[in-house]
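The sequence shown stops at residue 201 when you use my numbering, and every number in between is there.
Please read the structure below before turning to the comments.
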Amino acid sequence: MGSTGTEENPKSPFPDPTVFVTGHNSACKAIVQSSTVEEAKAYQGMRVSHSLIYTTSEFPPDLNEDKDIELHEKIKASGNLNIVNPGGTVIRIVNFAPYNKSMMHRTQSLDYGIVLEGEMIMELDDGSRTLMHKGDVAVQRATMHTWKNASETEWARMLFVLQDCQPVLVGGQRFKEDLGHVGYSVFPSSGNDA
């Protein structure tokens, strides 16, 4: 599959997703309240792009009076969304250029990663490498990991749902967020592990 954009920030061949948000009308019937195309945005210098689908800022979310929609729109407009939304959830679609690999990282969150297109390799800090195919799901439980597109020629796409979680203790050691960088990240620290 081809792409456009710069070599450093290529554009994936996948269409930008349309997000349909439902609600209720005055007759108490379900309706499609909005539909928005979420344009993929490049992670600077990483040959990866993402579309922010939705966020929640509390658990369980309050859907009354469209409070959840207002909070999501506020976060989206701020441009300051962290990788994890403290006290809530984030859903993103992420596109990986051929043979692209992320940094080894860990978030204080419970994440569902679903392969939508292509094949991805999930590597953990024990050295294990798991090949995931279209439709496969990883349940990341605050573990150190990296993602790599298994193909040298084709793009891959994943859907991620990140949910804030309680502090994680392993063998008596407190595991905090580690975004695999010193002084640089596409995302600022989430701050949910303080």
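Using N, Cα and C, we set each Cβ at its ideal position, and we do this for glycine too.
### Task
Decide yes or no for the touch test of the segment 41-58 against the segment 90-104: beta carbon pairs closer than 8 Å, at least 3 of them.
Touching, yes.
### Message
Assuming alanine 163 is part of the beta strand (DSSP E), what are its boundary residues?
### Response
Residues 163-171.
### Message
Rounded to whole angstroms, what is the Cα-Cα separation between serine 109 and tyrosine 50?
### Response
Cα-Cα distance, rounded: 11 Å.
#### Entry: leucine 88 in three-state terms, based on DSSP
In the three-state scheme derived from DSSP, where H, G and I count as helix and E and B as strand, leucine 88 is classed as coil.
### Message
At the level of alpha carbons, what is the spacing between proline 24 and glutamate 124?
### Response
Cα to Cα, proline 24 sits roughly 14 Å from glutamate 124.
### Query
Which residue spans inside the segment 103-178 form an unbroken beta strand (DSSP E) run of at least 3?
List check, beta strand (DSSP E) in window: 116-124, 127-131, 136-139, 144-148, 152-156, 163-171 and 175-177.
### Query
Can the beta-carbon of valine 91 be found less than 9 Å from the beta-carbon of serine 158?
Cβ atoms of valine 91 and serine 158: not closer than 9 Å.
### Task
Run the proximity test for lysine 108: is its beta-carbon closer than 8 Å to any non-hydrogen atom belonging to the ligand COA?
Ligands in the displayed structure: none, and consequently the ligand COA is not present.
### Message
Going by DSSP, what residue range makes up the beta strand (DSSP E) through serine 33?
### Response
Taken as a continuous stretch (DSSP letters only), serine 33 belongs to no beta strand (DSSP E), as it is neither H nor E.
### Task
List the endpoints of the continuous beta strand (DSSP E) containing glutamine 180.
Residues 180-182.
### Task
Just tell me which of Val44, Leu88, Ile38 and Ser33 has its CA closest to the CA of valine 26.
Of the listed residues, the one whose Cα sits closest to valine 26 is Val44.
### Query
In whole angstroms, what is the alpha-carbon distance linking aspartate 132 and histidine 152?
C-alpha separation (whole angstroms): 6 Å.
### Query
If you pair each beta-carbon of the segment 174-185 with each one of the segment 113-122, do three or more pairs fall below 8 Å?
In the pairwise beta carbon analysis, the segment 174-185 is classified as touching the segment 113-122: at least three pairs are separated by under 8 Å.
### Query
Considering serine 56, what are the terminal residues of the beta strand (DSSP E) in which it resides?
Run containing serine 56: 55-63, per the beta strand (DSSP E) assignment.
### Query
Count the other CB atoms within 10 Å of the CB of proline 195; is the residue buried (16 or more) or exposed (fewer)?
The residue is exposed, with fewer than 16 neighbouring Cβ atoms inside 10 Å.
### Nearest-angstrom Cα separation, counted from valine 168 out to proline 68
Cα to Cα, the separation comes out at about 15 Å.
### Task
Assign histidine 140 to one of two classes, buried (16 or more other C-beta atoms within 10 Å of its C-beta) or exposed (fewer than that).
By the Cβ-count criterion, histidine 140 is exposed, with fewer than 16 other Cβ atoms from all chains shown falling within 10 Å of its own Cβ.
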